[in-house]
Amino acid sequence: MHQLDTVVFDKTGTLTTGILTLTDYLPIFENSDLHLTSEINVSNRQDACSTSVNPQLLQIAAAVERGSCHPIAAAILLEAEKQALPLLAAEDFYTEPGLGVSALVEGRRVFAGNAEWMTQQGVAIATELLGSCQGKTAVYVACEGVLLGVIGLKDTLRPDAKATVERLRAMGLRVMMLTGDRPEAADAIANQLDLPTTDVLAQVRPFEKARAIAALQAQGRKVAMVGDGINDAPALAQADVGIGLHGGTDVAVETAQIVLMRNALMDVVESIELSRATFNKIRQNLFWAFGYNTLGIPVAAGVLLPATGILLSPAAAGAFMAFSSVSVVTNSLLLRRGFRP
Ligand code: ADP
Ligand code: MG
Numbered sequence: 071m072h073q074l075d076t077v078v079f080d081k082t083g084t085l086t087t088g089i090l091t092l093t094d095y096l097p098i099f100e101n102s103d104l105h106l107t108s109e110i111n112v113s114n115r116q117d118a119c120s121t122s123v124n125p126q127l128l129q130i131a132a133a134v135e136r137g138s139c140h141p142i143a144a145a146i147l148l149e150a151e152k153q154a155l156p157l158l159a160a161e162d163f164y165t166e167p168g169l170g171v172s173a174l175v176e177g178r179r180v181f182a183g184n185a186e187w188m189t190q191q192g193v194a195i196a197t198e199l200l201g202s203c204q205g206k207t208a209v210y211v212a213c214e215g216v217l218l219g220v221i222g223l224k225d226t227l228r229p230d231a232k233a234t235v236e237r238l239r240a241m242g243l244r245v246m247m248l249t250g251d252r253p254e255a256a257d258a259i260a261n262q263l264d265l266p267t268t269d270v271l272a273q274v275r276p277f278e279k280a281r282a283i284a285a286l287q288a289q290g291r292k293v294a295m296v297g298d299g300i301n302d303a304p305a306l307a308q309a310d311v312g313i314g315l316h317g318g319t320d321v322a323v324e325t326a327q328i329v330l331m332r333n334a335l336m337d338v339v340e341s342i343e344l345s346r347a348t349f350n351k352i353r354q355n356l357f358w359a360f361g362y363n364t365l366g367i368p369v370a371a372g373v374l375l376p377a378t379g380i381l382l383s384p385a386a387a388g389a390f391m392a393f394s395s396v397s398v399v400t401n402s403l404l405l406r407r408g409f410r411p
């Protein structure tokens with residue numbers, strides 16, 4: 071930990087709260103005949119979205135996302151619940167990490183996820199739509215190969231994210247961000263943190279996250295990875311030090327060597343400082359113990375006896391030895407100063 075020179079943060083759920091809010095809602099009405107049938111009471115719905123809401127898009131999205139535990143899924147399900155949308159029957163859930171989800175919703179194959187996921191499923195996205203939801207995470211929803219619309223979700227920074235990044239950089243560390251999200255959404259967060267784009271790795275698939283860490287290590291860097299998700303676990307394992315958030319997924323917590331028990335990012339700074347301070351203590355203690363013994367042992371053995379007549383009695387030598395241990399332990403206990411319990 072004290073040798074680190076690079077700290078890589080996951081974006082969603084680590085630098086950000088991972089509690090997303092729906093901000094954009096763009097249903098495509100031309101394809102409304104493809105919409106699934108369901109009775110929805112539009113009149114008593116509270117619109118949380120910037121554009122008028124086509125309840126079916128959200129309802130269909132909620133049905134597919136029910137099979138996922140991703141923050142995106144949680145946000146969409148919460149919004150559907152808030153609007154009291156009736157649940158559609160869905161089965162055969164499938165999750166493709168870093169891309170999206172799919173399920174059979176009322177007998178039709180529905181996909182929800184990013185642009186790459188749509189491309190893989192052969193769903194065409196109009197160029198106007200590709201540029202939509204600027205700076206946000208865009209979730210495309212398609213049914214039977216036809217795009218139904220886009221949902222834009224916005225994430226917020228953790229309150230201590232900016233201060234943590236600043237402190238780490240002031241300590242001479244390179245701070246980087248690694249995310250599976252698209253570059254536009256990544257840059258929006260990086261801007262708020264004053265991170266240069268060269269230190270942002272976006273659209274990194276889960277299995278590539280570990281490779282990105284390995285690539286940094288191949289450049290001779292000592293890398294810490296901070297993450298919370300299932301998709302971060304391989305990278306946490308690959309890093310020289312894996313740091314997990316206590317509130318993260320079990321696999322991330324299991325894989326990490328350090329777990330931030332208070333979920334405070336500032337504790338990354340704290341752990342590096344504690345590690346550096348600990349190593350300083352180890353060096354000091356070694357120096358004093360060696361010095362002390364280098365002088366004490368010859369004196370106890372009687373080097374001074376012929377010239378000066380000084381000889382340590384066994385009792386005095388024992389007392390000096392005990393004092394040496396007490397001083398080392400006392401010096402170590404001083405570590406507590408400046409560090410919260
Ligand atoms: P991160 O690295 O930011 O935690 P992930 O690797 O989990 O992101 O996901 C990367 C991208 O994959 C997301 O930004 C999203 O576009 C898409 N995605 C992942 N899971 C889902 C899901 N359940 N629903 C829709 N899209 C998803
Ligand atoms: Mg995450």
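Residue numbers (my numbering): 71 to 411.
Note that beta-carbon positions come from the ideal geometry of N, C-alpha and C, so glycine has one too.
These numbers come from a predicted model, not from an experiment.
Review point. If you follow the beta strand (DSSP E) that S383 is part of, which residue opens it and which one closes it?
Key: No beta strand (DSSP E) holds S383; DSSP gives it neither H nor E.
Review point. With distances taken from CA atoms, which of D298, N184 and T325 is nearest P253?
Key: The shortest Cα separation from P253 among D298, N184 and T325 belongs to N184.
Point to revise | Range covered by the beta strand (DSSP E) that runs through L199 | key: Boundaries around L199 are those of the alpha helix (DSSP H), T197 to L200, since no beta strand (DSSP E) includes it.
Exercise for review: Check whether the Cβ of V193 sits closer than 6 Å to any heavy atom of the ligand ADP, and report yes or no.
Suggested key: Not a single heavy atom of the ligand ADP lies less than 6 Å from the C-beta of V193.
Review point. Going by beta carbon distance, what residues of the same chain come within less than 6 Å of L381, once the five residues before and after it are set aside?
Key: These residues qualify, in order along the chain: G372 and L375.
Practice item. Go ahead and pull the three-state DSSP assignment for A194. Key: The three-state reading of DSSP puts A194 in coil, since its state is none of H, G, I, E or B.
Review point. At which residues does the alpha helix (DSSP H) containing A173 begin and terminate?
Key: Per DSSP, A173 belongs to no alpha helix (DSSP H); it is in the beta strand (DSSP E), G170 to V175.
Review point. Who are the near neighbours of A307 in its chain, counting only those whose CB is closer than 8 Å to its CB and skipping five residues on each side?
Key: Annotation for A307: A280 and T325 place their beta carbon closer than 8 Å to its own, counting only its chain and skipping 5 residues before and after.
Point to revise | Bridge partner(s) assigned by DSSP for K206 | key: Beta-bridge pairing links K206 to no other residue.
Point to revise | Chain-ordered residues, beta carbon under 7 Å from a heavy atom of the ligand MG | key: Residues flagged by the Cβ proximity filter: D80, K81, T82, G83, T84, G88, G297, D298, G299, N301 and D302.
**Study point:** Identity of the residues DSSP links to L344 by a beta bridge
**Key:** Residue pairing for L344: DSSP places it in no beta bridge.
Check your understanding: Does at least one heavy atom of the ligand ADP sit under 6 Å from the Cβ of N363?
Key -> The beta carbon of N363 sits no closer than 6 Å to any heavy atom of the ligand ADP.
Check your understanding: Is R179 helix, strand or coil by DSSP?
Key -> Residue state, collapsed to three classes: strand.
Review point. By Cβ distance, which residues of its chain are closer than 7 Å to T165, with the 5 residues on each side in sequence left out?
Key: A distance below 7 Å between beta-carbons, with the five flanking residues on each side excluded, links T165 to the following residues of its chain, in chain order: G137, S138 and V171.
Review point. Taking Cβ positions, are G88 and P141 nearer each other than 7 Å?
Key: Going by C-beta atoms, G88 is nearer than 7 Å to P141.
Check your understanding: Hey, how far is the Cα of A145 from the Cα of T91?
Key -> Looking at the backbone, the Cα of A145 and that of T91 are separated by about 6 Å.
Practice item. Under 8 Å by Cβ, that's how I've got S402 and N355 pegged, so tell me the actual separation to the nearest angstrom. Key: Their Cβ separation, rounded to whole angstroms, is 7 Å, which keeps S402 and N355 in contact under 8 Å.
**Study point:** Distance, L217 Cα to Q287 Cα
**Key:** About 41 Å.
Exercise for review: Taking all protein chains shown into account, decide if F360 is buried (16 or more other Cβ within 10 angstroms of its Cβ) or exposed.
Suggested key: Its Cβ having fewer than 16 others within 10 Å, F360 is exposed.
Point to revise | Cross-strand partners of F79 (DSSP beta bridge) | key: Within the DSSP secondary-structure output, F79 pairs in a beta bridge with M247 and V296.
Practice item. Just the C-alpha distance for Q73 and V296, rounded to the nearest angstrom, thanks. Key: In a straight line, the C-alpha of Q73 is about 16 Å away from that of V296.
**Study point:** Under 7 Å between C-beta atoms of M336 and T234
**Key:** Yes.
Review point. Taking 6 Å as the cut-off, is the CB of N184 close to at least one heavy atom of the ligand ADP?
Key: Yes, the beta carbon of N184 sits closer than 6 Å to at least one heavy atom of the ligand ADP.
Check your understanding: Apart from the five residues on each side of it in sequence, which residues of its chain come closer than 7 Å, Cβ to Cβ, to G379?
Key -> No residues qualify anywhere along the chain.
Exercise for review: Grab me the residues of I195's own chain with a C-beta within less than 7 Å of its C-beta, minus the 5 sequence neighbours each way, in chain order.
Suggested key: Same-chain partners within the cutoff: A185, M188, Y210 and L217.
Review point. How many angstroms separate the CA atom of A159 from the CA atom of E176?
Key: So the alpha carbons of these two residues sit roughly 5 Å apart.
Exercise for review: Consider the C-beta atom of V270 and the heavy atoms of the ligand ADP; say whether any pair is separated by less than 6 Å.
Suggested key: Result no, Cβ not under 6 Å from the ligand ADP.
Review point. Alpha carbon to alpha carbon, what distance is there between D298 and L199?
Key: Near 30 Å, if we compare the C-alpha coordinates of D298 and L199.
Point to revise | Backbone CA spacing between R291 and L263 [nearest angstrom] | key: Each residue's alpha carbon lies about 22 Å from the other.
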